[in-house]
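Just so you know, we're using the numbering used here here: the sequence shown kicks off at 230 and counts up by one.
Quick reminder that beta carbons are idealized off the backbone N, C-alpha and C, glycines included.
Step one of this worksheet: look at the structure below.
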Amino acid sequence: MLAEGTKRDWQPIIRRFEAIAGKNNVVRRKEELLVYECDGLTSYRNRPAVVVLPRTKEEVAGIVNVCAQEQIPFVARGSGTGLSGGALPIDDSVLIVTALMKQILEIDLENQRVVVQPGVINSWVTQAVSGAGFFFAPDPSSQIICSIGGNVAENSGGVHCLKYGVTTNHVLGLKLVLPDGEIVDVGGIVPEMPGYDLTGLFVGSEGTLGIATEITLRLVKTPESIRVLLADFMSVEAAGATVSDIIGAGMIPGGMEMMDNFSINAVENVVATNCYPRDAQAILLVEVDGLEVEVEENTKRVEAICYRNGARNVRVATDSEERLTLWKGRKAAFAAMGKIAPAYYVQDGVIPRTRLEFVLREIATLGEQYGYRVANVFHAGMVICIR
């Protein structure tokens, strides 16, 4: 590292980066660097000294090698949609952006896997294989823009994580560039490779162990039947109790999400699905999938539980367009909050299902007591708080 008070001469370093990645893929002008000051966590900002956009694993290794030789800190960045500050630059650092590494390198449907570069957008994977009856299960709310590399770094989940798991459950192998520039492979092309689970160690490490340049993903066969139920309730507590009861009945839905009245109206104001009843105090979205006979039976059971807990109506969507419309509102919830307030807090928490009703009631009480407007939108206990 540089001695305290010593200013680094960036010109020779920039020329080395340009020789590796090309002049057009090295960003140095201050006004252009503003774009890279933060990710989705905009409360914290820091401008990198240089941004480099490689296209291949060799270019990534070359850039990292220069950083190692010059003792320059570097931070990896994908699409910049993360909410934890994982792509936040530090002082006098190089930001290595993988947005140009967007090739799907191999599709192997016979073995249900696909190999992608880290800049590939999440939704592109399912689009590439859906015609053959497969999909990529992890589906964050930002899936139309977030990258697979970022999903790996943050171990992203999504509305289907309840049944299908998060990103780490769908990554088979990785090609990595380590902090010294060495290129290594971990994992492989089949689940449960022998030896230490280095793939599991890397997924979710937020870039602290290296940069993924090629990612082997597991594909999932599209279920024979899928239905999405929308149940609306006149109390948040009743919807919360329904969540607990559905799981308690031994069913694992493909996805199960809840939104309160604040969230419902925020979403309808922005997305206008015309599906969410604005006067409902809460809605519950439940996706049931599997074999046709299984889905038919579980749909009836979910409906019965919803009505038993006081649901006014239960709408069942069976065709793909209607299902997508119902999910579209839920996935737009975060963006919709931005239309209401210029600044807000996002608080994730894990809540035991049997305590969900109590916690939601307490959140409402605290919001009234301290004058905070609170919107509850969650899977597995996710709560969005708006100030």
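What would DSSP say about residue i, mapped onto helix, strand or coil?
| i | result |
| --- | --- |
| THR617 | Only positions 230 to 616 of the chain appear in the structure, and residue 617 is not among them; the question remains open. |
| ARG355 | Note on identity: in this sequence residue 355 is Thr, with Arg being the wrong assignment. If DSSP states are grouped into helix, strand and coil, THR355 belongs with the helices. |
| LEU458 | strand |
| LYS450 | strand |
| GLY416 | strand |
| TYR265 | helix |
| ALA609 | For ALA609, the predicted structure reports a pLDDT of 46, less than 50, and the residue's modelled location is therefore unreliable. The matter cannot be settled from this model. |
| ASN542 | strand |
| LEU430 | helix |
| GLU551 | helix |
| ARG342 | strand |
| PHE246 | helix |
| LYS236 | coil |
| ALA619 | A query on residue 619 cannot be resolved here, the shown segment of the chain reaching from 230 to 616 and no further. |
| GLU443 | strand |
Quick one: measure Cβ to Cβ for residue i and residue j, integer angstroms, because I've assumed they're closer than 8 angstroms.
| i | j | result |
| --- | --- | --- |
| GLU383 | GLY315 | 6 angstroms |
| ALA565 | VAL496 | 5 angstroms |
| GLY410 | ALA297 | 6 angstroms |
| ALA478 | LEU513 | Contact doesn't hold; Cβ gap of about 14 angstroms is too wide. |
| VAL388 | GLU486 | 6 angstroms |
| LEU458 | VAL531 | 6 angstroms |
Count the other CB atoms within 10 Å of the CB of residue i; is the residue buried (16 or more) or exposed (fewer)?
| i | result |
| --- | --- |
| THR327 | buried |
| PHE363 | buried |
| LEU324 | buried |
| LEU391 | buried |
| THR583 | exposed |
| ILE481 | exposed |
| ARG447 | buried |
| MET611 | Annotation note: pLDDT 38 at MET611 (below 50); position unreliable, coordinate value reported separately. Label assigned to MET611: buried. |
| ILE615 | With a pLDDT of only 38 at ILE615, under the threshold of 50, the placement of this residue in the model should not be trusted; the figure read from the coordinates follows. So ILE615 counts as buried. |
| SER385 | buried |
| LYS568 | exposed |
| ILE613 | A caution first: ILE613 carries a pLDDT of 37, below 50, which makes its placement in the model unreliable, though a value can still be read off. By the neighbour-count rule (16 or more Cβ atoms within 10 Å), ILE613 is buried. |
| ARG537 | exposed |
| GLU597 | exposed |
| LEU555 | buried |
| ASP489 | buried |
>> Report the start-end ranges of each alpha helix (DSSP H) in the stretch 374-413 that is 4 residues or longer and not cut off at the edges.
In response: 377-383 and 390-393
>> Using a Cβ distance threshold of 8 angstroms, determine whether the stretch 373-390 contacts the stretch 232-252, with at least three qualifying pairs required.
In response: no
>> Counting beta carbon pairs with one atom in the stretch 449-463 and one in the stretch 510-523, are three or more of them shorter than 8 angstroms?
In response: yes
> Is it true that the stretch 440-449 meets the stretch 342-353, where meeting means three or more beta-carbon pairs spaced less than 8 angstroms apart?
Replying inline: yes
> On the three-pair Cβ rule with 8 angstroms, is the stretch 421-438 touching the stretch 461-481?
Replying inline: no
> Below 8 angstroms, can you find three or more Cβ-Cβ pairs linking the stretch 332-342 to the stretch 353-371?
Replying inline: yes
> What runs of the alpha helix (DSSP H), each 4 residues or longer, lie entirely inside the stretch 457-537?
Replying inline: 465-477, 490-499 and 521-537
> With contact counted as at least three CB pairs below 8 angstroms, one residue from each stretch, are the stretch 392-411 and the stretch 277-294 in contact?
Replying inline: yes
> Unbroken alpha helix (DSSP H) runs of length 4 or more, entirely within the stretch 557-603: which are they?
Replying inline: 562-569 and 585-599
>> Which complete beta strand (DSSP E) runs does the stretch 266-293 hold, if anything under 3 residues is left out?
In response: 279-281
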